[in-house]
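In the numbering used here, the protein residues as written are 4 to 117.
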């Protein structure tokens with residue numbers, strides 16, 4: 004009857020903002036560093052939110068992001084919490100393992116189409 008029992012039957016509340024763990028940042032920054040060294044990327048941004056954390060990369064500061072790597076823990080049991088999203092909003096790769104998802108940026112498997 005109390006509102007507390009009513010609240011517990013609803014959706015599970017977030018435990019706080021979503022952000023990247025240190026080992027996840029290490030993996031992201033390794034890929035970023037490799038592509039900066041090759042001249043493809045020049046800047047990045049990090050954003051943490053209630054439902055999603057985002058690592059975005061840019062060809063030039065001030066441009067729209069070339070790619071976004073999203074972490075959505077709510078999707079872990081479904082299609083996976085990690086996604087790489089291209090400029091047009093298309094999902095390029097999705098999965099449960101960050102290292103596997105980041106392989107979309109491997110030079111031998113990744114090509115920019117003009």
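By construction, the Cβ of each residue, glycine as well, lies at the ideal position given by its N, Cα and C atoms.
Euclidean distance between Cα positions of residue i and residue j
i	j	result
residue 159	residue 73	There is no way to answer for residue 159, as the model of the chain reaches only from 4 to 117.
residue 109	residue 19	33 Å
residue 46	residue 64	6 Å
residue 157	residue 62	Examination of residue 157 is not possible in this model, given that the chain is present from 4 through 117 alone.
residue 5	residue 79	Note on residue 5: pLDDT 43, under 50, position unreliable in the model; the coordinate value appears next. Near 32 Å, if we compare the C-alpha coordinates of residue 79 and residue 5.
residue 129	residue 41	With the chain covering only 4 through 117, there is no way to say anything about residue 129.
residue 51	residue 38	23 Å
For residue i, the nearest candidate out of the options (CA to CA)
i	options	result
residue 44	95, 67, 76	67
residue 33	77, 58, 90	58
7 Å Cβ shell around residue i - same chain, five flanking residues per side excluded
i	result
residue 101	27, 30, 85
6 Å Cβ shell around residue i - same chain, five flanking residues per side excluded
i	result
residue 88	71, 94
Run of the beta strand (DSSP E) containing residue i, from where it starts to where it stops
i	result
residue 71	70-74
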